[in-house]
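*Asks:* I'd like to ask some things about the structure below.
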Amino acid sequence: MDHPGRRPPFDVYLPVPGEPPPQRVSHLAPGEVVLVTGGSPGGSAEAIAFDDQGPRWANPRLQLLLAELNARGLPFQYQPHEPEGPAALMAWWQETGQLASSYREFSWQGPGQWTLTRIELPQRGVLGWAGPRPFGQ
Numbered sequence: 848m849d850h851p852g853r854r855p856p857f858d859v860y861l862p863v864p865g866e867p868p869p870q871r872v873s874h875l876a877p878g879e880v881v882l883v884t885g886g887s888p889g890g891s892a893e894a895i896a897f898d899d900q901g902p903r904w905a906n907p908r909l910q911l912l913l914a915e916l917n918a919r920g921l922p923f924q925y926q927p928h929e930p931e932g933p934a935a936l937m938a939w940w941q942e943t944g945q946l947a948s949s950y951r952e953f954s955w956q957g958p959g960q961w962t963l964t965r966i967e968l969p970q971r972g973v974l975g976w977a978g979p980r981p982f983g984q
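Quick note, my numbering runs 847 ahead of the 1-based positions in the sequence shown.
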């Protein structure tokens, strides 16, 4: 994922071969935040309900729930084809000052291969970042 305003190098955790992936915020389903533990196949999922009214990027209840999951240390899975995925929302809330902490982003690199990347708060001027833009742009 592109992270304007964040200064490389990023803090990246590379697991030892065979290490199972951690529990993580996988994706958003209608009215649910889906947590996944383990890999696929054989992983397990758990859903946490939320009030899914209006655009997700402007949903204060969803923002509070994801901030609580972040405080518990859960990483947010990068979903390249989901513009309102949990990791994209966390990045945008950082950029707009609505999230004042770092978070960890989970991403698959290949079958059974994953990484965790700590995403710090953005800073104006870093990598040409001039400040927040409307969600999705």
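Note that beta-carbon positions come from the ideal geometry of N, C-alpha and C, so glycine has one too.
Could you round the C-beta distance between V863 and H874 to whole angstroms and report it? I think they count as a contact, below 8 Å.
*Replies:* Your numbering for residue 863 matches position 16 in the sequence shown. Your numbering for residue 874 matches position 27 in the sequence shown. In fact, because the Cβ distance is near 26 Å, the residues do not count as touching under 8 Å.
*Asks:* Can you list, in chain order, the stretches of the alpha helix (DSSP H) that have 4 or more residues and sit fully within the segment 889-977?
*Replies:* Entirely contained in the segment 889-977, the alpha helix (DSSP H) runs reaching 4 residues are, in chain order, 907-918 and 933-942.
*Asks:* Which of the three DSSP states is assigned to E866 in this structure?
*Replies:* Along the sequence shown, read from residue 1 onward, the residue named residue 866 stands at position 19. Three-state result, E866: coil.
*Asks:* Assuming S910 contacts W955 under a Cβ cut-off of 8 Å, what Cβ separation, rounded to an integer in Å, is found between them?
*Replies:* In the sequence shown, residue 910 corresponds to position 63, counting from 1. In the sequence shown, residue 955 corresponds to position 108, counting from 1. It is Gln, not Ser, that sits at residue 910 in the sequence shown. Between W955 and Q910 the Cβ distance is about 25 Å, and since that is not below 8 Å, they are no contact.
*Asks:* Taking 8 Å as the threshold (beta carbon to beta carbon), is P862 in contact with chain C?
*Replies:* Looking at the structure shown, chain C is missing, and only one protein chain is on hand.
*Asks:* Going by Cα to Cα distance, which pick from M937, R971 and A905 is closest to A914?
*Replies:* As a working note, residue 914 is residue 67 in the sequence shown. Of the candidates M937, R971 and A905, the one whose C-alpha sits nearest the C-alpha of A914 is M937.
*Asks:* Quick one, are the C-beta atoms of P922 and F953 less than 8 Å apart?
*Replies:* Within the sequence shown, numbered from 1, the residue matching residue 922 stands at position 75. Within the sequence shown, numbered from 1, the residue matching residue 953 stands at position 106. Yes, these two residues count as a Cβ contact at 8 Å.
*Asks:* Would you decide whether R980 is buried or exposed? Buried here means 16 or more other CB atoms lie within 10 Å of its CB.
*Replies:* Counting from one through the sequence shown, the residue named residue 980 turns up at place 133. R980 is exposed by the Cβ-count criterion.
*Asks:* Ends of the beta strand (DSSP E) at R871?
*Replies:* The residue labelled residue 871 in the question sits at position 24 within the sequence shown. R871 -> beta strand (DSSP E) spans R871 to A876.
*Asks:* By DSSP, does L882 sit in helix, in strand, or in coil?
*Replies:* The residue given as residue 882 occupies position 35 in the sequence shown. The answer is strand: DSSP assigns L882 an E or B state.
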